[in-house]
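Visitor: For the sequence shown, the working numbering gives the first residue as 63, with consecutive numbering after it.
In this text, a Cβ means the ideal position worked out from N, Cα and C, and glycines have one as well.
Note that this is a predicted model, so its numbers are computed, not measured.
Before I ask anything, here is the structure I am working with.
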Amino acid sequence: MKIAIVSDGRSLDAQVGDKLALSSYVLVVDLDTMKLEVVPLLSSGGGAAAAIKVISIALQKGAMAVLGGYISPRVSSPLMEHGIEVVTGVTGQVCDAVDSYKKGKFSKSFSGEKAGIRTGKDEQNFVQVLKKTAKQFSSIFPMLAGVVFLIGLFHAFVHKRLLFSIFSGKPLHDTVLGAFGGSVFAGNPINSYVIGDTLLKMGVSPYAVSALIVTWVTVGLVQLPAEIGSLGPRFALVRNGTAFLASIIIAFLTVYLVRILS
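As structure tokens, then:
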């Protein structure tokens, strides 16, 4: 099998071309014998002209794949129509690209008998995304587990009659109490969503739950001394007071919009 590699030089030690239109050569490499054929690539304006040139080279030399740094969709589409596989995102030396291709390090994508576009960096990026996701999940898992545990205790020891005695069902009364509760028990937003859902299922007013969720992340009585020390008492008190009042307005608007939409 032969592959065509967009290159800035004439040897396997040359760098893979960043862009098809700006590169000088196409190196056709036989993967079995490592025989190298150098074809000058004179792109006149790029675009369709470059595509025709590469297609011509690939077909004449028997290449079944084209590797390069960046190959635009306008160029890669005609290549795929001729059954040529396209690999983008390839960097480094040509010899390294050939070795990576032979070892199957580039993820493959086929549709019928035609090759699809594949990116040399896709596999590496996918692994990095998985690592970041796992790290983020591991950091929030203990917190979520604690919330679930507390909700279990909440169900076991807090009766609905106690909640109904606190939240009377009056919109303004429940909203103020919910806002105060969120101000005291401030923390991660995810916790407020889980707790709010539990309170709704137990019959607590949506006014109280809405206000609790808003103040949970905007008002913090526990960290108020630290905020006063760093930003000044006037700013801290005005900010928290404004956020508390705004949570009441937001709670009423939220319940009103939900009722309209439902």
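(1) Out of 261, 311 and 247, state which residue places its alpha-carbon closest to the alpha-carbon of residue 285.
(2) Would you tell me roughly how many angstroms separate the C-alpha atoms of residue 315 and residue 167, rounded to the nearest one?
(3) Spatial neighbours of residue 309 within its chain, please: C-beta separation below 6 Å, excluding the five flanking residues on both sides.
(4) Measure the alpha-carbon distance for residue 71 versus residue 192 and round it to whole angstroms.
(5) Could you have a look at residue 164 and say whether DSSP puts it in helix, strand or coil?
(6) Between residue 164 and residue 262, how many whole angstroms is the CB-CB distance? I'm expecting something under 8 Å.
(7) Going by Cα to Cα distance, which pick from 97, 124, 128 and 65 is closest to residue 81?
(8) Which first and last residues belong to the alpha helix (DSSP H) in which residue 288 is found?
(9) Pull up the distance between the alpha-carbon of residue 96 and that of residue 67, whole angstroms please.
(10) Leaving out five residues on either side along the sequence, give the residues of the same chain with a beta carbon under 7 Å from the beta carbon of residue 79.
(11) Please list, in chain order, all residues of the same chain as residue 271 whose beta carbon is under 7 Å from its beta carbon, the five residues on each side excluded.
(12) Cβ of residue 159 within 8 Å of Cβ of residue 148?
(13) Within the same chain, show all residues whose beta-carbon is closer than 7 Å to that of residue 317, passing over the 5 residues directly before and after it, in chain order.
(14) Since residue 125 is in the beta strand (DSSP E), which residue starts that stretch and which ends it?
(15) In terms of DSSP beta bridges, what is residue 140 paired with?
(16) In angstroms with no decimal places, state the Cα-to-Cα distance between residue 91 and residue 74.
(17) For residue 238, I'd like the list of residues in its chain whose CB is within less than 8 Å of its CB, leaving aside the five on either flank, ordered along the chain.
(18) What is the DSSP secondary structure of residue 64, counted as helix, strand or coil?
(19) Over the uninterrupted alpha helix (DSSP H) stretch that includes residue 237, give me the two end residues.
(20) Which one of 118, 162 and 161 has the shortest CA to CA distance from residue 143?
(21) Please list, in chain order, all residues of the same chain as residue 305 whose beta carbon is under 6 Å from its beta carbon, the five residues on each side excluded.
Guide: From the atom records:
(1) The residue you call residue 285 lines up with position 223 of the sequence shown. Here the closest residue by C-alpha is 247.
(2) Translated into positions along the sequence shown, residue 315 becomes position 253. Translated into positions along the sequence shown, residue 167 becomes position 105. The straight-line gap separating the alpha-carbon atoms of residue 315 and residue 167 is approximately 54 Å.
(3) Walking along the sequence shown from the start, residue 309 turns up at place 247. Counting only Cβ-Cβ distances below 6 Å, and skipping sequence neighbours, we find 241, 273, 276 and 277.
(4) As a first step, residue 71 must be located in the sequence shown, where it is residue number 9. As a first step, residue 192 must be located in the sequence shown, where it is residue number 130. Answer to the nearest angstrom: the Cα atoms are 36 Å apart.
(5) To locate residue 164, count along the sequence shown from 1; it is residue 102. DSSP places residue 164 in helix when its eight states are reduced to three.
(6) Along the sequence shown, read from residue 1 onward, the residue named residue 164 stands at position 102. Along the sequence shown, read from residue 1 onward, the residue named residue 262 stands at position 200. The beta-carbon separation of residue 164 and residue 262, rounded to 58 Å, does not stay under the 8 Å limit for a contact.
(7) Position 19 of the sequence shown, counting from 1, holds the residue named residue 81. A check of alpha carbon separations from residue 81 across 97, 124, 128 and 65 identifies 128 as the nearest.
(8) In the sequence shown, residue 288 corresponds to position 226, counting from 1. Here the alpha helix (DSSP H) through residue 288 covers 286-293.
(9) Stepping through the sequence shown from its first residue, residue 96 is reached at position 34. Stepping through the sequence shown from its first residue, residue 67 is reached at position 5. Rounded to the nearest angstrom, the two C-alpha atoms are 13 Å apart.
(10) Translated into positions along the sequence shown, residue 79 becomes position 17. Counting only Cβ-Cβ distances below 7 Å, and skipping sequence neighbours, we find 68, 69, 70, 85, 130 and 131.
(11) In the sequence shown, the residue the question calls residue 271 occupies position 209. Closer than 7 Å at Cβ, skipping near neighbours: 240, 258, 261 and 262.
(12) Against the sequence shown, residue 159 aligns to sequence position 97. Against the sequence shown, residue 148 aligns to sequence position 86. No, these two residues do not count as a Cβ contact at 8 Å.
(13) For the purposes of this step, residue 317 is identified with residue 255 of the sequence shown, where counting begins at 1. Take residue 317, set aside five residues on each side of it, and the residues of its chain with a beta-carbon closer than 7 Å to its own are 268, 269 and 272, in chain order.
(14) Taking the first residue of the sequence shown as position 1, residue 125 is located at position 63. For residue 125, the enclosing beta strand (DSSP E) stretches over residues 125-129.
(15) Here the question's residue 140 lines up with position 78 in the sequence shown. Residue 140 pairs with nothing; no bridge assigned.
(16) For the purposes of this step, residue 91 is taken as the residue at position 29 of the sequence shown. For the purposes of this step, residue 74 is taken as the residue at position 12 of the sequence shown. Cα atoms of residue 91 and residue 74: separation of roughly 9 Å, rounded to the nearest angstrom.
(17) Working through the sequence shown from its first residue, we reach residue 238 at position 176. 273 and 310, listed in sequence order.
(18) As a position in the sequence shown, residue 64 is number 2, starting the count at 1. Strand at residue 64.
(19) Along the sequence shown, one-based indexing puts residue 237 at 175. Run containing residue 237: 233-246, per the alpha helix (DSSP H) assignment.
(20) Along the sequence shown, read from residue 1 onward, the residue named residue 143 stands at position 81. Checked all of 118, 162 and 161; the closest Cα to residue 143 is 118.
(21) If you number the sequence shown from 1, residue 305 lands on position 243. Sequence-distant partners of residue 305 (beyond 5 residues in either direction) whose C-beta falls short of 6 Å from its own C-beta, in its chain, are 280 and 281.
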